[in-house]
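J.: In this note's numbering, the protein residues as written are 44 to 404. For every residue, glycine included, the Cβ atom is placed at its ideal position computed from N, Cα and C. So that we are looking at the same thing, I have put the structure below in structure tokens.
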């Protein structure tokens, strides 16, 4: 299993020359009473609400979309109840993260489509026969993007690993690919040419980081948990030599800073009361990874986390490309160059110790 996990983490790390290589709970069945209500006629709105929340958190988004359409219409002028606000969030998220092209690509055929990432649509080609996850070519300075992934695994409920499905893994992979192409095509061709080895490595780390953040935001709640599971696992010593590992650690550090800095917003997440004297950040990452694997966030927690990821992504665009430094929600930094991260890591650990100590008192 450990060898398989290593393979999965390697799969999600991006390596560049000038062509990109492969880029790599709450679970409950509907009660007998609910089933009876469903078969006998209209389902009560409160029961439908609970079912839609479960379907959303479990990534059963086709079912959730069908149930959303069955909800009673509410007046636009009337104040929205908490349940109505929940449904608006679910509807908005599914619309954003399951565009029309999703079902078209699931058919497995070559198509032109326009994925939108971070508010910007880009022209792209899905080609199931493409040799790498991303192919970027330029004609008269204009980029042409071709992407590919295993369409047969889109929304696939078959078990993969660590309690996650093939669909969860594929969902994350898709949005990482699209997030990477979004940032890559935003760069001018001139800025990518005549780069020395150090500059090429910085570029690859930056693009992998942007892809990773995009996957965390656009994926289903289960894919999001898988993303953070992998990010937190990157603190293990055996992954230390991977060229783009700091791009994963940066997102893991964001998750730790967000959860520890806002304990009241994530009441279901279990965190340790203190940190050990050595390897403190790695130990915290290990503890949170142990929790996030088998446990789902609540709907409110998922919404809060997605908003935090969006703010984090907006704060780390061009400046990261130039500096190689990622800014966390608490204002501290992560260096994408592991050799430059030691002082930043010391600051992060000091902050984590302080916050955990305050929350324990």
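Quick test of the definition: if touching needs 3 or more C-beta pairs under 8 Å, does the segment 376-386 touch the segment 260-272?
T.: These segments do not touch.
J.: With H, G and I counted as helix, E and B as strand and the rest as coil, what does DSSP make of residue 371?
T.: Translated into positions along the chain shown, residue 371 becomes position 328. It is coil, neither helix nor strand.
J.: Among 340, 171, 202, 181, which residue has its Cα nearest to the Cα of residue 217?
T.: Here residue 217 is taken as the residue at index 174 of the chain shown, counted from 1. Among 340, 171, 202, 181, the Cα nearest to that of residue 217 belongs to 171.
J.: Tell me the rounded alpha-carbon separation between residue 348 and residue 301.
T.: Residue numbering aside, residue 348 sits at position 305 when the chain shown is read from its first letter. Residue numbering aside, residue 301 sits at position 258 when the chain shown is read from its first letter. In a straight line, the C-alpha of residue 348 is about 8 Å away from that of residue 301.
J.: When the Cα atoms are used, what is the spatial distance from residue 179 to residue 256?
T.: Numbered from 1 along the chain shown, position 136 holds the residue referred to as residue 179. Numbered from 1 along the chain shown, position 213 holds the residue referred to as residue 256. Computed Cα separation, rounded: 20 Å.
J.: Using DSSP with H/G/I as helix, E/B as strand and the rest coil, what is residue 158?
T.: Locating residue 158 in the chain shown gives position 115, where the first residue counts as 1. Correct three-state label for residue 158: coil.
J.: Excluding the five sequence neighbours on either side, which residues of its own chain have a C-beta within less than 6 Å of the C-beta of residue 274, listed in chain order?
T.: As a first step, residue 274 is located in the chain shown; it is residue number 231 there, counting from the start. 291, 294, 295, listed in sequence order.
J.: Quick check: residue 169 and residue 185, are their CB atoms within less than 9 Å of each other?
T.: Numbered from 1 along the chain shown, position 126 holds the residue referred to as residue 169. Numbered from 1 along the chain shown, position 142 holds the residue referred to as residue 185. Going by C-beta atoms, residue 169 is not nearer than 9 Å to residue 185.
J.: Helix, strand or coil: which one does DSSP assign to residue 401?
T.: The residue you call residue 401 lines up with position 358 of the chain shown. Looking at residue 401 - three-state DSSP - the assignment turns out to be helix.
J.: Hey, out of 358, 130, 242, whose CA is closest to residue 297's CA?
T.: What you label residue 297 is simply residue 254 of the chain shown in a count that begins at 1. When only C-alpha atoms are compared, the closest one is 358.
J.: Please report the distance separating the alpha-carbon of residue 394 from that of residue 112.
T.: The sequence position of residue 394 within the chain shown is 351, counting from 1. The sequence position of residue 112 within the chain shown is 69, counting from 1. Residue 394 and residue 112: Cα-Cα distance of roughly 46 Å.
J.: Tell me where the alpha helix (DSSP H) around residue 148 begins and ends.
T.: Here the question's residue 148 lines up with position 105 in the chain shown. Segment 144-149, the alpha helix (DSSP H) holding residue 148.
J.: What residues match up with residue 204 in a beta bridge as DSSP calls it?
T.: Indexing the chain shown from 1 puts residue 204 at position 161. Residue 204 pairs with 207.
J.: Counting Cβ pairs, one atom from each stretch, are 3 or more of them under 8 Å apart for the segment 119-138 and the segment 88-95?
T.: Touching, yes.
J.: By Cβ distance, which residues of its chain are closer than 8 Å to residue 195, with the 5 residues on each side in sequence left out?
T.: By 1-based counting over the chain shown, the position of residue 195 is 152. Excluding residues within five positions, the ones whose Cβ falls inside 8 Å are 151.
J.: Let's see if you can read the secondary structure: which residues bound the beta strand (DSSP E) around residue 241?
T.: Within the chain shown, residue 241 is the residue found at index 198, counting from 1. Note, residue 241: premise wrong, no beta strand (DSSP E); alpha helix (DSSP H) at 240-261.
J.: Are there three or more Cβ pairs, one per stretch, closer than 8 Å when the segment 266-280 is compared with the segment 232-251?
T.: Touching, no.
J.: Which residues does DSSP list as the beta-bridge partners of residue 187?
T.: Taking the first residue of the chain shown as position 1, residue 187 is located at position 144. Answer is 180.
J.: When the Cα atoms are used, what is the spatial distance from residue 204 to residue 122?
T.: Residue 204 sits at position 161 when you count from the first residue of the chain shown. Residue 122 sits at position 79 when you count from the first residue of the chain shown. Distance between the alpha carbons of residue 204 and residue 122: 44 Å.
J.: Could you tell me the distance, in whole angstroms, from the CA atom of residue 397 to the CA atom of residue 167?
T.: On the chain shown, residue 397 is found 354 positions in, with the first residue counted as 1. On the chain shown, residue 167 is found 124 positions in, with the first residue counted as 1. Cα to Cα, the separation comes out at about 47 Å.
J.: My assumption, with CB atoms under 8 Å, is that residue 330 sits in contact with residue 315. Please give the rounded CB distance.
T.: Here the question's residue 330 lines up with position 287 in the chain shown. Here the question's residue 315 lines up with position 272 in the chain shown. Indeed they touch by this definition, with Cβ atoms about 5 Å apart.
J.: Is there contact here, the segment 154-167 with the segment 225-232, by at least three beta-carbon pairs under 8 Å?
T.: The segment 154-167 vs the segment 225-232: in contact.
J.: Please tell me whether residue 198 and residue 104 are closer than 9 Å, where the distance is taken between their beta carbons.
T.: Taking the chain shown and counting its residues from 1, one reaches residue 198 at position 155. Taking the chain shown and counting its residues from 1, one reaches residue 104 at position 61. The answer is yes: Cβ separation under 9 Å.
J.: Of all the options 380, 288, 161, 209, which has the alpha carbon lying nearest to the alpha carbon of residue 352?
T.: For the purposes of this step, residue 352 is taken as the residue at position 309 of the chain shown. It is 161.
J.: Cα separation between residue 287 and residue 108?
T.: Counting from 1 along the chain shown, the entry for residue 287 is found at position 244. Counting from 1 along the chain shown, the entry for residue 108 is found at position 65. About 37 Å.
J.: How would you label residue 34, buried or exposed, when you count the other beta carbons within 10 angstroms and need 16 or more for buried?
T.: The requested residue 34 is not part of the displayed model; the chain covers only 44 to 404.
J.: According to DSSP, is residue 152 helix, strand or coil?
T.: Start at 1 with the first residue of the chain shown, and residue 152 comes out as number 109. Correct three-state label for residue 152: coil.
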